[in-house]
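This note's numbering runs 357 ahead of the 1-based position in the sequence shown. To start, the structure under review is shown below, and the notes come after it.
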Amino acid sequence: MESFIDRVVVEQRVPIESRRQRWESFCDRNHLTSEVGCIDTYVTNNSLQEYDLLQQKYTSQSILVCPSCKSKNVSYVSKQIRRADESETYFCKCLECKKQWRFS
């Protein structure tokens with residue numbers, strides 16, 4: 358999969374008018390109206406997709422162990438759900454048996 362950075366480097370070698378036409382074409386195909394919104398949406402979507410791929414690749418074997426099946430294939434997200442002076446809450450999900458739990 359070509360990374361977003363690679364695409365940006367290639368885009369910099371293309372003349373400005375051609376880049377503008379490609380962006381307008383992209384916006385038309387994806388029903389995006391504003392040029393700034395189009396670029397923001399494109400960058401955000403690609404960045405999130407790459408982040409998800411990297412997260413899956415490097416966090417598939419986590420430091421957490423599932424209490425049910427003892428698998429180390431656990432994904433987790435930390436969120437601050439209460440006041441700032443309290444600890445974060447970790448939401449965990451075993452990718453093998455689908456058990457979910459949380460701790461703080």
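Positions of the beta carbon are idealized from the N, C-alpha and C atoms, including for glycine. Remember, it's a predicted structure, so these values are computed and weren't measured experimentally.
Taking DSSP as the reference, what is the three-state secondary structure of residue i?
i: R440; result: coil
i: S428; result: coil
What are the residues that DSSP puts in a beta bridge with residue i?
i: Q457; result: K450
i: E435; result: A small correction: the amino acid at residue 435 is Ser; Glu does not occupy that position in the sequence shown. The partner list for S435 (beta bridge, DSSP) reads Y447.
Take the Cβ of residue i as the centre, count every other Cβ of all protein chains shown within 10 Å, and call the residue buried at 16 or more, exposed below.
i: V431; result: buried
i: C449; result: buried
i: C423; result: buried
i: C454; result: exposed
i: C451; result: buried
i: I420; result: exposed
At a cut-off of 8 Å, is residue i close to the ligand FAD when judged by its beta-carbon and the heavy atoms of the ligand?
i: D442; result: Ligands in the displayed structure: none, and consequently the ligand FAD is not present.
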